[in-house]
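For reference, the structure discussed in these notes is given below.
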Amino acid sequence: MYADRFAGGRRFNPAGLLAAVGINAGVVAALMIAAPHVTRTFDDPLEITSIPIASPPPPPEPEPQPRTAAARPDRIETVPPVVPRPADDGPIVVADPLPTLPGPTGIATGMGEGTGFAIDPPAPPAPVIVAPGLDPRHAADLQPDYPAAERRMGNPGKVTVRVLIGADGRVKEVEPVSATSDAFFRATRDQALRRWRFRPGTRDGVPQAAWRTMSVTFVMQD
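In the numbering used here, the protein residues as written are 9 to 230.
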């Protein structure tokens with residue numbers, strides 16, 4: 009029974025443990041609060057003196073080097089390449105140079121020297137010329153009257169004349185080329201000056217006087 013009492017007296021008590029921890033914590037806090045605050049002070053201020061540092065001397069200048077003559081390159085001998093000769097295909101024909109074209113002359117302007125040639129401007133086109141022609145409206149008036157003397161004798165005839173046709177289509181002049189007789193020529197000349205009409209010749213479309221050859225035949229009809 010005593011042992012049971014003793015065992016009961018040694019039983020774990022949680023309330024006692026908490027009370028012990030609280031007492032220890034209070035003691036430690038009291039010590040921390042009661043500790044004096046220690047501050048270290050210096051009697052004399054600290055003086056700082058800057059000591060200048062001398063700059064390093066400049067590096068010494070390099071000594072001039074003696075000049076040495078450049079070595080001359082050794083002489084190099086070159087051998088010309090060997091060009092193969094073309095096969096002999098026959099004589100070589102050299103074309104004649106183009107002739108120099110004459111150009112128009114004029115007054116030279118500017119400064120300087122030189123040679124050259126000028127090309128002539130293209131020539132204007134040739135004019136279009138149309139010979140005089142017969143006027144169909146007057147075709148019945150071409151045959152002259154038969155000369156009376158030649159008719160009585162029964163002689164035929166032929167006359168060839170050159171006539172100058174004016175810009176108005178009329179005959180201005182008559183020149184004999186050939187005639188069987190003077191009677192036949194006179195009959196032809198008179199008819200040409202009075203009755204013959206032509207379409208005038210033109211030059212680039214402009215009427216102009218021109219010569220024309222005409223032939224007339226005289227034949228007697230039964």
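Here a beta-carbon is modelled for each residue, glycine too, at the ideal position from N, C-alpha and C.
**Asked** Out of 162, 175, 145, 158, which has the shortest C-alpha to C-alpha gap to residue 215?
**Response** 175
**Own chain partners of residue 143 with C-beta closer than 8 Å, once the 5 adjacent residues on each side are dropped** = 177, 205, 206, 207
**Request:** Determine the contact status of residue 150 and residue 179, defining contact as a CB-CB distance below 8 Å.
**Result:** no
**Request:** Give the single residue among 145, 162, 222, 213 whose Cα lies nearest to the Cα of residue 135.
**Result:** 213
**C-alpha gap between residue 188 and residue 195, whole angstroms** = 12 Å
**Request:** Answer with buried or exposed for residue 147, where buried requires no fewer than 16 other C-beta atoms within 10 angstroms of its C-beta.
**Result:** exposed
**Request:** Using three-state DSSP, classify residue 196 as helix, strand or coil.
**Result:** helix
**Secondary structure of residue 187, DSSP reduced to three states** = strand
**Prompt:** Out of curiosity, what's the CA-to-CA distance linking residue 162 and residue 155?
**Reply:** 10 Å
**Rounded Cβ spacing between residue 171 and residue 220 (contact assumed at less than 8 Å)** = 6 Å
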